[in-house]
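Protein chains in written order, with numbering that gives the first Met the number 0: chain A, 0 to 337; chain B, 0 to 314.
Backbone N, C-alpha and C define an ideal beta-carbon position, used for all residues, glycine too.
These numbers come from a predicted model, not from an experiment.
Working notes for the structure below.
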Amino acid sequence: MKKASIKVITLCLAVFLVSMCFVGCTNSTNQSADSSSASESADSSATSKEQITIGFCTQNMSMTWMQYALSGTQAEADAEGVKLIIQDANGDVDKQTSIIENFITQKVDGILTDPINVTSLTPALKEVDQAGIPVATFDRVAEGAPYLCFVGSDDVKAGAMAADYIAKKLNSKGQVIELVGQNGASPAIDRHQGFTDEIAKYPDIKVVYSQSGEFTREKGMSVMEDAINATQSQFDAVYAANDDMMLGALQAMKASNIDVSKIVTISNDGIPDALTAIKNGDLGATIQYPVELAPDAFKELVAYIQTGKDPDQKDLLIDPWYIEQDTLEKGDFYSLIQ
Amino acid sequence: MEKRRLLNKNILNKYGIEVALVIVCIVVTILSPIFLSAANIINVFRQGSMTGIMAVGMTFVIIAGDIDLSGGSMAAFSGVLAAGFCTINHINCFLSILIPIIICTLIGIAAGLIITKAKVHSFVVTLGVLSIVRGCALIYTNGLSISNLPTPLCFMGSGMVGIIPVPVILFLTILILGYFVATKTPYGRYVYAIGGNTEATWLSGINTDLIRVCSFGLSAMLAALAGIVLMGRVASGQPTAAEGWELNAIAAVVIGGTSMYGGRGSMFGTLIGALFLSVVNNGLDLIGVTPFLQRVVIGILIIIAVVMDSIKKEK
Chain A
0 MKKASIKVIT
10 LCLAVFLVSM
20 CFVGCTNSTN
30 QSADSSSASE
40 SADSSATSKE
50 QITIGFCTQN
60 MSMTWMQYAL
70 SGTQAEADAE
80 GVKLIIQDAN
90 GDVDKQTSII
100 ENFITQKVDG
110 ILTDPINVTS
120 LTPALKEVDQ
130 AGIPVATFDR
140 VAEGAPYLCF
150 VGSDDVKAGA
160 MAADYIAKKL
170 NSKGQVIELV
180 GQNGASPAID
190 RHQGFTDEIA
200 KYPDIKVVYS
210 QSGEFTREKG
220 MSVMEDAINA
230 TQSQFDAVYA
240 ANDDMMLGAL
250 QAMKASNIDV
260 SKIVTISNDG
270 IPDALTAIKN
280 GDLGATIQYP
290 VELAPDAFKE
300 LVAYIQTGKD
310 PDQKDLLIDP
320 WYIEQDTLEK
330 GDFYSLIQ
Chain B
0 MEKRRLLNKN
10 ILNKYGIEVA
20 LVIVCIVVTI
30 LSPIFLSAAN
40 IINVFRQGSM
50 TGIMAVGMTF
60 VIIAGDIDLS
70 GGSMAAFSGV
80 LAAGFCTINH
90 INCFLSILIP
100 IIICTLIGIA
110 AGLIITKAKV
120 HSFVVTLGVL
130 SIVRGCALIY
140 TNGLSISNLP
150 TPLCFMGSGM
160 VGIIPVPVIL
170 FLTILILGYF
180 VATKTPYGRY
190 VYAIGGNTEA
200 TWLSGINTDL
210 IRVCSFGLSA
220 MLAALAGIVL
230 MGRVASGQPT
240 AAEGWELNAI
250 AAVVIGGTSM
260 YGGRGSMFGT
270 LIGALFLSVV
280 NNGLDLIGVT
290 PFLQRVVIGI
300 LIIIAVVMDS
310 IKKEK
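Structure (structure tokens):
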């Protein structure tokens, strides 16, 4: 038994360490495969420079929109021969701070990130500034932090557009349920602001229930279930600050035997599942959250690192647009639902 | 021959986790040489400081044979209270930090009283406290985070003394104090005694209830302090922060060699355990492993540690 215990311990440790090495080797192979193909394209371009490394920290990879933003940025990085180190904060503000600190020690040439909360990343970004590394943010702002450029979308306008759509479809009269986005996230704050201010212009439209669905499908569904009970199914329209929440809400409505084609529905983002829902007639419309935000911010960052060129605009806001059943091809992800 | 075999087993059993830590450091350095840079080692301590501070308090609770599941909620609660007192009520920074710590300590003491007087298992009571305190944090803030904190309030989380971050200094100081209390004070001795054999300790005239209540108060106090550090790091009071942190603290304590059955353990072990977790987290980040896989790895480590602990106990 005593001899066996040493063996068990050693075996466990050995298994663990071997798996760590394996994981490490897999990642190095992936990275070296990327860099070897990237350096080929870099050599063939006119200016052959040492490969640039960008640290990319997403706020939550389990959000559909974020996955497409990432793949768009990766495609851009591959095209320009830039190495991308990707880390995900999984919605944890402390983890995001730690990831940024680690980027500094890894001496990356630039950082591209999406701050979870308006102020949560500010101390870390101040450290990045002191280390002399340029930072580009997209999707969400970091208040009070030094940064090179921000690429976002006019979310106040996006919220207002949702209000106008509902008002038009309801002939300026009816009851609305609102699913607000994640607490502390700037798109959620702005969309809610835009929506509330615009809907106030229609005195016969009442928002009868407003709660946060945390930008997730599960929470959107459970909040919608509560809303259906609270309003006793007396509502005419639903606005959800993102498609994930709306898809959850649609499921909740169907489960309560509500005919979704009779309810006016609109949400933000324009993810493929939403386009499919519009095609099927379940969802009324979505407002595109341009997926080019991350690649655009990436391009500005790389241009600055390579040539010292300052971005044209420090804060670039791209206008959102409607996508309805007859204008599906305007969706950024239209090609994905073919 | 017999002597050498016993020596090897004793070293591995005694220093098993330290050896494991060194091996992990070597492996990580091979895969990512930047791991051994001064800046990164400082980061390892800094990023592990909050779990470490919480783990010091947790060590006392676990050695005494109890458990405390409310740490994460306490951390979030103290963070939002401090943020709110300072920005909304305009209380000075010092009191804004001190009062929430006191409040959390009192809640911990209350939990300890329920556990000892009503003779209920600490698992269930602290689970209830986890829920209540988290709810209080959400009620206090209406679910929103409190931002725009003045820099002095964030000193404990993002301040620097020279090139050493304040959380590192706090962590090491708390650890040294914890070591002192555990080994050189009567309270510390009684905690070990209670963990080893509660009945015998009580029969020898020691107020076991008081000692256990103190441990819960200490654990809550240090969890609150960890929350203040977190608030400083992210410059905001977040009611949803620190979810699951008590599990990290427990993992650090157990990996460090403290027995879940109570009566055995050391503060030095907690330091190694906390460092081990931080090195793995930091190392996996540097190597480029996704956070999803990181959670799998950490789970495996905890299981290995508990198995090793069980084997130790068997002999």
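Can you tell me whether residue i is buried or exposed, with buried defined as 16 or more other CB within 10 angstroms of its CB?
i, result
"His-89 of chain B", "exposed"
"Gln-324 of chain A", "exposed"
"Ser-334 of chain A", "exposed"
"Val-190 of chain B", "buried"
"Ser-255 of chain A", "exposed"
"Gln-231 of chain A", "exposed"
"Asp-318 of chain A", "exposed"
"Tyr-260 of chain B", "exposed"
"Thr-306 of chain A", "exposed"
"Ala-78 of chain A", "exposed"
"Met-160 of chain A", "buried"
"Ala-74 of chain A", "exposed"
"Ile-29 of chain B", "exposed"
"Phe-291 of chain B", "exposed"
"Met-245 of chain A", "buried"
"Leu-202 of chain B", "exposed"
Run through chain B and tell me which residues come within less than 7 Å of residue i, C-beta to C-beta.
i, result
"Thr-63 of chain A", "Neighbours of Thr-63 of chain A on chain B: none; closest Cβ ~16 Å, over 7 Å."
"Val-150 of chain A", "Neighbours of Val-150 of chain A on chain B: none; closest Cβ ~22 Å, over 7 Å."
"Val-92 of chain A", "Val-233, Gln-237 and Ala-240"
"Gln-105 of chain A", "Ile-33 and Leu-285"
My assumption, with CB atoms under 8 Å, is that residue i sits in contact with residue j. Please give the rounded CB distance.
i, j, result
"Thr-269 of chain B", "Val-55 of chain B", "6 Å"
"Phe-275 of chain B", "Ile-16 of chain B", "7 Å"
"Lys-308 of chain A", "Cys-148 of chain A", "Not a contact, Cβ separation roughly 11 Å."
"Ile-262 of chain A", "Val-237 of chain A", "6 Å"
"Ile-51 of chain A", "Val-301 of chain A", "6 Å"
"Ser-72 of chain B", "Ala-117 of chain B", "The Cβ separation is near 21 Å, so there is no contact."
Which residues in the same chain have their Cβ closer than 8 Å to the Cβ of residue i, if we skip the five residues on either side of it in sequence?
i, result
"Ser-330 of chain B", "It is not possible to answer for residue 330 of chain B, since the shown part of chain B is limited to 0 through 314."
"Trp-320 of chain A", "Ile-286, Gln-287 and Lys-329"
"Gly-71 of chain A", "Val-290, Glu-291, Ala-293 and Pro-294"
"Ala-19 of chain B", "Phe-275"
"Glu-126 of chain A", "Ile-99, Glu-100 and Ile-103"
Of the choices the options, whose alpha-carbon is the least far from that of residue i?
i, options, result
"Gln-105 of chain A", "A:Leu-69, A:Ala-135, A:Ile-53 and A:Thr-136", "A:Ile-53"
"Ala-81 of chain B", "B:Met-259, B:Val-279, B:Ala-234 and B:Leu-112", "B:Ala-234"
"Asp-203 of chain A", "A:Ile-336, A:Gln-174, A:Gly-193 and A:Pro-294", "A:Gln-174"
"Phe-137 of chain A", "A:Glu-299, A:Ile-304 and A:Glu-177", "A:Glu-299"
"Leu-152 of chain B", "B:Phe-93, B:Ile-162, B:Ser-265 and B:Ser-72", "B:Phe-93"
"Asn-170 of chain A", "A:Lys-205, A:Ala-157 and A:Ala-184", "A:Lys-205"
"Pro-145 of chain A", "A:Ile-110, A:Asp-77 and A:Lys-168", "A:Ile-110"
"Thr-63 of chain A", "A:Asn-241, A:Ala-135, A:Ile-115 and A:Ile-85", "A:Asn-241"
"Asp-281 of chain A", "A:Ser-260, A:Gly-193 and A:Met-244", "A:Ser-260"
"Asn-267 of chain A", "A:Ser-97, A:Glu-177 and A:Tyr-201", "A:Glu-177"
What in chain A is Cβ-close to residue i, meaning under 7 Å?
i, result
"Ala-136 of chain B", "Within 7 Å Cβ-Cβ: nothing; Ala-136 of chain B doesn't reach chain A, min ~12 Å."
"Ser-144 of chain B", "Asn-116, Asn-182 and Gly-183"
"Ser-36 of chain B", "Thr-104"
"Asn-88 of chain B", "Ordered by position in chain A, no residue passes the 7 Å Cβ test against Asn-88 of chain B, which lies about 19 Å from the chain."
"Asn-281 of chain B", "Asn-101"
"Asn-315 of chain B", "The first residue shown for chain B is 0 and the last is 314, placing residue 315 of chain B beyond what the model contains."
Under 7 Å Cβ-Cβ, which residues of chain E neighbour residue i?
i, result
"Thr-289 of chain B", "No chain E is part of this structure, whose protein chains are labelled A and B."
Would you mind telling me which residues of chain B sit closer than 8 Å to residue i, beta carbon to beta carbon, in chain order?
i, result
"Ser-122 of chain A", "A quick correction: the sequence has Pro, not Ser, at residue 122 of chain A. Chain B residues near Pro-122 of chain A: Cys-153, Gly-156, Ser-157, Gly-231, Arg-232, Val-233 and Ala-234."
"Glu-49 of chain A", "Those within 8 Å of Glu-49 of chain A in chain B number zero; the least Cβ separation is about 17 Å."
"Glu-100 of chain A", "Asn-42, Arg-45 and Gln-46"
"Thr-339 of chain A", "Summary: the structure shown does not reach residue 339 of chain A, with chain A confined to residues 0 through 337, and so no result is reported for it."
"Ser-266 of chain A", "Going along chain B, no residue has its Cβ under 8 Å from Ser-266 of chain A, so there is no contact; the nearest lies around 21 Å."
Take residue i and list the residues in its own chain whose beta-carbon comes closer than 6 Å to its own, dropping the five residues that flank it on each side.
i, result
"Met-60 of chain A", "Asp-87"
"Asp-154 of chain A", "Pro-186, Asp-189 and Arg-190"
"Lys-183 of chain B", "none"
"Asp-33 of chain A", "Below a pLDDT of 50, predicted positions are generally treated as unreliable, and Asp-33 of chain A, at 39, falls in that range; the measurement from the model is reported next regardless. Same-chain partners within the cutoff: there are none."
"Ala-141 of chain A", "Pro-114, Leu-120, Thr-121 and Leu-124"
Within the same chain, show all residues whose beta-carbon is closer than 7 Å to that of residue i, passing over the 5 residues directly before and after it, in chain order.
i, result
"Leu-221 of chain B", "Ile-52, Met-53, Val-55, Gly-56 and Ile-173"
"Ala-225 of chain B", "Met-49, Ile-52, Met-53 and Ala-74"
"Ile-108 of chain B", "Val-212, Phe-215 and Gly-216"
"Leu-148 of chain B", "Ala-82, Cys-85, Thr-86, Ala-234 and Ser-235"
"Ala-162 of chain A", "Phe-194, Glu-197 and Ile-198"
For a contact defined as C-beta to C-beta under 9 Å, what are the partners of residue i on chain B?
i, result
"Lys-82 of chain A", "Result: empty, since nearest Cβ-Cβ is about 11 Å, beyond 9 Å."
"Thr-285 of chain A", "Correct list: empty, because the minimum Cβ distance to chain B is about 26 Å."
"Ser-211 of chain A", "Gly-142"
Starting from the beta carbon of residue i, find every residue of chain A whose beta carbon is closer than 8 Å, and list them in chain order.
i, result
"Ser-214 of chain B", "What Ser-214 of chain B touches in chain A: nothing, since even the nearest Cβ is about 26 Å away."
Anything in chain A within Cβ reach of residue i, meaning under 9 Å, just list it in chain order.
i, result
"Asn-196 of chain B", "The premise fails here: Asn-196 of chain B is roughly 25 Å from chain A at the closest Cβ pair, so nothing lies under 9 Å."
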